[in-house]
Structures are given as structure tokens and as C-alpha cells.
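Have a look at the structure below, then the notes.
2 protein chains.
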Amino acid sequence: MSGEFTLIDKYFVGRQTNRKDVLLAAGDDCALVKPGDNVAIAITTDTLVCGTHFVADANPAWVAHKALAANISDLAAMGATPTWASLALTLPSVDETWLEAFSEAFFQLADYFGIQLIGGDTTKGPLSITLTVQGTLPEGKSLTRSQAKNGDWLYVTGQLGDSKAGLDVILDKSLADKPYAQVLEQRHYRATPRVLVGQALLGLANSAIDISDGLIADLQHILTRSQVGATIDVSLLPLSSELLQFVGSRSTAQQYALTSGEEYELCFTVPEENKGMIESALAHCGVKVTCIGQIRPYGVFELHNQGQVVDWQLDGFDHFKA
Amino acid sequence: MSGEFTLIDKYFVGRQTNRKDVLLAAGDDCALVKPGDNVAIAITTDTLVCGTHFVADANPAWVAHKALAANISDLAAMGATPTWASLALTLPSVDETWLEAFSEAFFQLADYFGIQLIGGDTTKGPLSITLTVQGTLPEGKSLTRSQAKNGDWLYVTGQLGDSKAGLDVILDKSLADKPYAQVLEQRHYRATPRVLVGQALLGLANSAIDISDGLIADLQHILTRSQVGATIDVSLLPLSSELLQFVGSRSTAQQYALTSGEEYELCFTVPEENKGMIESALAHCGVKVTCIGQIRPYGVFELHNQGQVVDWQLDGFDHFKA
Chain A
1 MSGEFTLIDK
11 YFVGRQTNRK
21 DVLLAAGDDC
31 ALVKPGDNVA
41 IAITTDTLVC
51 GTHFVADANP
61 AWVAHKALAA
71 NISDLAAMGA
81 TPTWASLALT
91 LPSVDETWLE
101 AFSEAFFQLA
111 DYFGIQLIGG
121 DTTKGPLSIT
131 LTVQGTLPEG
141 KSLTRSQAKN
151 GDWLYVTGQL
161 GDSKAGLDVI
171 LDKSLADKPY
181 AQVLEQRHYR
191 ATPRVLVGQA
201 LLGLANSAID
211 ISDGLIADLQ
221 HILTRSQVGA
231 TIDVSLLPLS
241 SELLQFVGSR
251 STAQQYALTS
261 GEEYELCFTV
271 PEENKGMIES
281 ALAHCGVKVT
291 CIGQIRPYGV
301 FELHNQGQVV
311 DWQLDGFDHF
321 KA
Chain B
1 MSGEFTLIDK
11 YFVGRQTNRK
21 DVLLAAGDDC
31 ALVKPGDNVA
41 IAITTDTLVC
51 GTHFVADANP
61 AWVAHKALAA
71 NISDLAAMGA
81 TPTWASLALT
91 LPSVDETWLE
101 AFSEAFFQLA
111 DYFGIQLIGG
121 DTTKGPLSIT
131 LTVQGTLPEG
141 KSLTRSQAKN
151 GDWLYVTGQL
161 GDSKAGLDVI
171 LDKSLADKPY
181 AQVLEQRHYR
191 ATPRVLVGQA
201 LLGLANSAID
211 ISDGLIADLQ
221 HILTRSQVGA
231 TIDVSLLPLS
241 SELLQFVGSR
251 STAQQYALTS
261 GEEYELCFTV
271 PEENKGMIES
281 ALAHCGVKVT
291 CIGQIRPYGV
301 FELHNQGQVV
311 DWQLDGFDHF
321 KA
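Chains A and B are the protein sequences, given in the same order. All residue numbers in the first sequence are consecutive under full-length UniProt numbering, ending with 322. All residue numbers in the second sequence are consecutive under full-length UniProt numbering, ending with 322.
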């Protein structure tokens with residue numbers, strides 16, 4: 001980094017939350033951290049590329065939020081507590097208006113979760129953002145994709161489908177007049193990662209994943225890694241009233257909920273003996289959780305609607321059934 | 001990541017060194033690692049963008065080497081031992097020939113240093129590579145930029161200037177017939193990070209930095225952070241015979257050595273009382289180190305040539321003198 005790009009420092013250096021476990025942040029060859037004893041470290045990396053993950057005229061504050069939220073959500077799905085972020089920002093030029101809005105939103109979300117920006121790199125090139133975010137976990141505890149068991153109850157947090165409806169609005173400006181179009185667009189960019197839920201599920205849930213590619217696609221990762229199947233009752237899927245009015249029919253909304261990506265809600269499985277504890281354990285999180293189905297033996301994957309099998313052709317669904 | 005991009009997994013997943021401190025690598029929401037007790041963790045991030053940091057037709061093996069070496073070099077400059085890497089790879093399309101050469105060279109260097117690739121992200125977009133590489137340090141020990149003291153002796157590893165000459169060849173094909181053009185081009189891309197030297201300097205050197213922007217520019221970071229000055233005797237700069245023949249004059253070669261970036265050699269300062277130990281402490285590293293000057297009081301920054309002050313106009317030099 002040299003020349004005008006050192007300007008970028010102005011927006012990022014010295015503004016961060018100061019964590020006690022950070023020995024050295026920006027200004028040397030590396031950042032130095034000293035995690036507490038008896039913790040494991042969870043590490044995740046996500047890249048957002050302009051044109052692939054967001055449109056060129058996207059609000060920079062929303063882009064920052066989405067980039068950081070995507071990473072925090074991966075930590076939440078492991079039950080980890082977010083701690084440190086490294087930001088690699090590639091920009092075609094130094095646009096101070098863009099940087100100010102981007103950095104402001106970045107630190108708003110980072111501060112909320114107690115994450116310190118410890119370093120990174122700024123380079124000249126086509127606009128993209130790569131974040132590596134780390135978190136800590138009590139040693140020997142974590143939520144993974146591989147421990148779901150036949151009979152587990154299947155849950156999701158929040159409401160599903162809004163992100164896909166928001167993406168419709170972003171990609172097709174003619175939808176901007178439909179009911180709640182702007183609300184849904186904002187939901188696409190500004191999800192809230194479920195960190196508290198993930199932490200509360202450590203020791204209660206058998207498996208978890210965050211919904212980034214769509215419920216069916218992400219649930220498949222649990223099913224494949226755990227060698228189990230599942231049934232989902234689509235009538236139980238949590239839908240927002242805004243989504244129902246935007247798409248105009250309940251079955252379309254349910255299909256949105258099954259395939260909507262970048263939701264950053266958690267999908268998790270809970271053994272029968274812990275089912276009664278879930279509501280009280282999550283009471284402090286302020287997030288609704290909904291039981292939408294059950295884990296079944298390997299090879300079973302069915303959508304039900306109040307007892308009847310539903311045969312919807314959805315992306316990723318047939319692939320798994322094979 | 002979806003569709004054809006899952007193909008990329010084929011080149012990266014399951015090929016890595018298996019470290020005992022990695023609990024979970026690719027395949028879940030996060031990687032999980034468990035560092036040993038009494039260590040601090042050093043973290044560095046570097047991005048290489050096609051068109052900014054390498055040319056579009058650059059050998060993919062050399063690009064992989066340069067991307068990883070740049071990060072390892074930052075760890076070396078802290079005295080850290082490299083451990084884990086996260087790779088964010090953005091590609092315009094899935095080019096299997098490119099990926100095979102890139103991944104082969106990546107793992108060759110990673111394996112050499114015992115680094116495990118623990119995760120990352122692959123996305124579609126303009127070609128760029130962001131790596132976050134981590135390493136460990138004994139708690140309470142590190143080499144930083146901020147502890148140089150007046151009177152310290154100033155050292156560099158290896159030879160300087162070859163990288164800049166190699167870049168000349170890359171950017172101007174008409175130079176390809178000059179002596180050693182291909183050797184120098186390869187040196188630009190394929191530096192060897194000085195990890196063993198960095199480790200050996202813990203407790204012996206007062207400060208260190210790696211040479212990524214050029215000796216003068218990088219030394220300035222030490223001087224500024226440590227509030228000291230320096231003198232360099234340009235006649236002591238270590239120059240390769242290839243560089244001398246390529247540029248054709250000793251003073252041009254010396255100027256190359258002062259300004260050549262992406263050398264990934266170390267620049268470090270050693271207090272008088274440790275000077276006698278340097279050679280024996282570094283004997284096992286197989287790397288030549290050269291004393292090129294001395295740390296002086298703040299505000300002094302001079303180039304000498306066998307006792308005479310040299311007044312070369314070099315990038316970054318006047319800036320500091322102000």
C-alpha cells in the first residue's frame with residue numbers, strides 16, 4: 001500500500017473497540033493477540049465482490065454490514081464469540097464518501113459484537129471486500145454440521161424468505177412499487193447474525209449451520225456430513241407478513257423460505273431430551289426460534305404440508321434426493 | 001460459493017499439511033484451531049490483485065508463491081512461526097490449468113513451512129488473492145518496529161535490488177535479452193521468506209521489518225515508530241552479481257537495493273552487546289546477513305559512501321528528511 005491509499009488508514013486505524021486480548025493492532029508487520037487459556041479459535045473468511053455479491057450502486061453502509069454479518073454468522077453457527085477481524089479492501093480509487101459510509105457501518109456492527117479490527121490490507125483494483133473474522137470457544141465445545149442424529153428436532157431462527165424477496169427488488173427495479181419492497185431490500189443487506197443463539201446452543205444442539213445459500217441447500221450440508229435425512233413441514237416455516245404481501249401467496253412465500261440465501265439465520269438440530277430446554281435457554285436472546293421438522297434416517301428428505309407430502313421442484317432439492 | 005466453483009475444492013481440500021493444533025479444517029462454518037499454552041498469535045493479511053500486483057499472463061505458480069511468501073515474510077519479521085492460512089480466491093472463471101499450477105506451488109511453499117490451509121472462500125470476479133496467515137510466538141516475545149535504539153547496528157538479510165530488476169523485465173519485454181533477465185524475473189516472484197532468521201532474532205534484535213516497499217521506505221517505518229534516525233553506508237549494501245551485470249553500474253545497483261520492493265528480506269537492528277552473537281545465532285539459517293549502517297538520533301537520515309555523504313534523490317527519501 002502506498003500513495004493515496006494510505007489515506008484509507010484515516011477511516012480504519014484507531015477507531016476500533018480495544019480488546020484486552022489484542023497486544024498489537026495496526027502499525028506493525030502483523031497484529032498480535034493473546035487468547036485466553038482453554039479456548040479454541042474459530043476462523044472464517046468471506047469475500048464480497050462487486051457485481052457478484054452486491055450491485056455497484058449499493059449503499060456502502062449496507063455492503064459493509066453484509067460483509068461483516070456474513071462472517072459473524074459463520075462464527076454464530078459454531079457457537080463462537082467473535083473477537084478479531086482482518087479487512088482486505090480492494091478499491092478502484094479512494095472515494096472518501098464511500099469509505100466514510102462503509103467504515104461507519106463496519107464499526108457500528110463490529111462494536112456491537114465487541115470485535116476489534118486488528119489489521120488487513122488496502123489495495124487498488126476492482127471493488128471487493130474480504131474479511132477474516134475470528135472468535136473463541138470454550139475448549140472442547142462447538143456446534144458443527146456433522147453431529148445431527150435421527151430423531152433430532154429441526155429448528156430455524158427468525159423468519160425466512162425476506163432476503164430473496166429483497167434481492168428480487170435489487171435486481172428488478174420494476175418491483176420497487178410492490179408492498180414492502182424497500183423493507184425487504186434492506187433486510188437483504190442488513191441481517192443480524194445470531195451470535196447469542198449460537199452461544200446458548202452449545203451443549204444443547206447436536207448440529208448447526210447458518211443459512212447463507214438457502215435453507216434446503218444449507219440443511220443438506222448437515223444431512224450429508226451427519227449421514228441423516230430430514231422432513232420439513234412447510235406450514236411451520238416462519239414467514240414475515242411483509243413477505244406474504246410482497247409475493248401474494250403463502251405457497252410462494254414458503255418456497256422463498258426454503259431457498260432464500262444470505263438470510264444469516266441459524267438452522268440447528270436438538271435431541272428430544274433437550275427440546276424442553278430450548279425456549280428457556282434462548283429466552284434472553286430476543287430471537288424467535290421455530291421447530292420446522294425432524295431429522296430422519298439417511299436417504300429420507302421430504303417436504304410435508306400438514307401431513308401431505310409436497311412435491312415442489314426447488315433448486316438443490318432433487319440433487320440431494322438422488 | 002456454488003455451481004462450478006465447488007470444483008475449486010478439488011485443488012485445495014484435503015491436500016494440506018495436517019497440523020496437530022487444527023481441530024477442524026474445511027467443511028464446516030469455520031475452521032477450529034487450538035494453539036498451545038503460553039503463545040501469542042501473529043496475524044497478517046495481504047492481497048494481490050491482477051493488474052496491480054502481477055500481470056495477467058504471470059505464471060500462476062509464481063503468483064501463488066508470491067502471495068503466500070508476502071504473508072509469511074510479515075510473520076518472519078515478527079519472529080513468528082507460521083501455522084495456518086485462510087485463502088480467499090476470486091476468479092473470473094474456473095480455469096483448471098491455472099488452478100492446478102497455482103495450488104501446486106501454494107502447497108509446495110505451505111508444506112515447506114508447515115502451514116496448514118484451514119479454509120477460505122472462492123468467489124467469481126476479477127482475479128485476486130487474499131491470504132490471512134497466522135503464526136505463533138512465545139508469550140511476551142516478538143520483534144516489532146518500535147524498539148530500535150540509537151547506536152543499534154542495522155542489518156539486512158540476503159541481497160537487495162534483484163526484485164526491482166525483475167519487475168523491470170516483467171513490465172518491459174524489451175529488456176528480456178539483458179544479462180540474467182530471466183533469473184531476476186524469477187527472483188521477483190519467488191523470494192524465500194526469512195522465517196528461521198526471524199525466530200533466531202527473538203531476544204537478540206531490538207526491531208525488525210520485512211522489505212516489501214523498499215529498504216528506505218520500510219526502514220522509515222522503524223525510524224518513525226522508534227523515534228530514531230539512521231545512517232546507511234551504500235558501499236556495504238549486498239548486491240548480486242546478476243544485478244550488477246543487469247544494470248551495468250555499481251551506483252545504479254545500490255540505488256536499486258535502496259528502493260527495490262517485494263524483496264521479502266528482513267531489515268533489523270541489533271544492540272552493540274548482541275552484535276557478536278549475530279553470526280553464530282544465524283549460522284543454522286543458511287542466510288547471509290550484512291551490517292549496512294547504524295541507528296542514530298531522531299532526525300538524522302544519511303546515506304554514506306565510504307565516509308562521504310551521498311545525495312541521491314530517491315523515492316521516499318526526501319519525504320522522511322522533512
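Beta carbons are placed, not taken as given, at the ideal position from N, Cα and C, and that holds for glycine.
| Check | Outcome |
| --- | --- |
| Check whether chain B comes within 9 Å of K124(A), counting only Cβ atoms and requiring the distance to be less than that. | yes |
| Where V310(B) and L160(B) are concerned, what is the direct C-alpha to C-alpha distance, given to the nearest angstrom? | 19 Å |
| Give a yes or no on whether 9 Å exceeds the smallest Cβ distance from S86(A) to chain B. | yes |
| Ignoring anything shorter than 4 residues or poking outside the region 216 to 248 of chain B, list the alpha helix (DSSP H) runs there in chain order. | 241 to 247 |
| If you measure from the beta carbon of A67(A) to each beta carbon in chain B, is any gap under 9 Å? | no |
| 9 Å is my cut-off, CB to CB: does V55(B) come that close to chain A? | no |
| Output the distance between the C-alpha atoms of A176(B) and G114(B), rounded to the nearest integer angstrom. | 36 Å |
| Could you work out which residues of chain B lie near P35(A), taking near to mean beta carbons separated by less than 8 Å? | P35 and I41 |
| Would you say R250(A) lies against chain B (beta-carbon separation less than 9 Å)? | no |
| Among T17(B), D28(B) and N206(B), whose alpha-carbon lies nearest the alpha-carbon of D121(B)? | D28(B) |
| Whole angstroms are fine: how far does the CA of N59(A) sit from the CA of S2(A)? | Bear in mind that a pLDDT of 45 at S2(A), under 50, signals an unreliable position, so the number given afterwards is only what the model happens to contain. Using only the alpha carbons, I get a separation of about 27 Å. |
| For H284(B), count the other beta carbons within 10 Å of its own beta carbon; 16 or more makes it buried, fewer makes it exposed. Which is it? | exposed |
| Please classify T290(B): does DSSP put it in a helix, a strand, or coil? | strand |
| With distances taken between CB atoms, is the gap from P193(B) to D218(B) smaller than 9 Å? | no |
| Rounded to whole angstroms, what's the CA-CA distance from Y112(A) to K164(B)? Just pull it up for me. | 45 Å |
| Tell me the residue span of the beta strand (DSSP E) that contains F268(B). | L266 to V270 |
| Distance cutoff 9 Å, beta carbons only. Does T44(B) sit that close to anything in chain A? | yes |
| Mind listing the chain D neighbours of C30(B)? Cutoff is C-beta to C-beta under 8 Å, in chain order. | This model lacks chain D altogether, as its protein chains are A and B. |
| Pull up the DSSP beta-bridge partners for L117(A), would you. | A85(A) |
| Classify E185(A) as buried or exposed, calling it buried when 16 or more other Cβ atoms lie within 10 Å of its own Cβ. | buried |
| Could you tell me how far apart the beta carbons of E263(B) and Y180(B) are, in whole angstroms, since I believe they sit closer than 8 Å? | Wrong, their Cβ atoms sit about 17 Å apart, outside the cutoff. |
| What is the DSSP secondary structure of R194(A), counted as helix, strand or coil? | coil |
| Under 8 Å: do the region 197 to 209 of chain A and the region 123 to 142 of chain A share three or more Cβ pairs, one atom per stretch? | yes |
| Can you list, in chain order, the residues of its chain with a C-beta nearer than 7 Å to that of L314(A)? Leave out the 5 residues immediately preceding and following it. | I216, Q255, L258 and T259 |
| What does R145(B) reach in chain A if we use C-beta pairs closer than 8 Å? | G27, D28 and D29 |
| Where does S207(A) sit, in a helix, a strand or coil, going by DSSP? | strand |
| Give the straight-line distance between the Cα atoms of L282(B) and Q108(A), rounded to the nearest whole angstrom. | 47 Å |
| Run through the DSSP bridge pairs and tell me what N305(A) is partnered with. | Q308(A) |
| Express the C-alpha separation of I295(A) and L266(A) in angstroms, rounding to a whole number. | 16 Å |
| How about M277(B) and L32(A): are their beta carbons less than 9 Å apart? | no |
| What's the gap between the Cα of S174(A) and the Cα of W312(A)? | 27 Å |
| Run the CB neighbour count on K288(B), radius 10 Å, all protein chains shown included, and call it buried at 16 or more, exposed below. | exposed |
| So what's A155(B) in DSSP terms, helix, strand or just coil? | The question names Ala, but residue 155(B) in the sequence shown is Tyr. Three-state DSSP puts Y155(B) in a strand. |
| Between which two residues does the beta strand (DSSP E) containing D168(B) stretch? | From DSSP, D168(B) is part of no beta strand (DSSP E) but of the alpha helix (DSSP H) over D162 to L171. |
| Can you check the region 13 to 74 of chain A for any beta strand (DSSP E) of at least 3 residues that lies completely inside it and give the ranges in chain order? | 22 to 24, 31 to 33 and 39 to 49 |
| Tell me whether the beta-carbon of I8(A) lies closer than 9 Å to the beta-carbon of L89(A). | yes |
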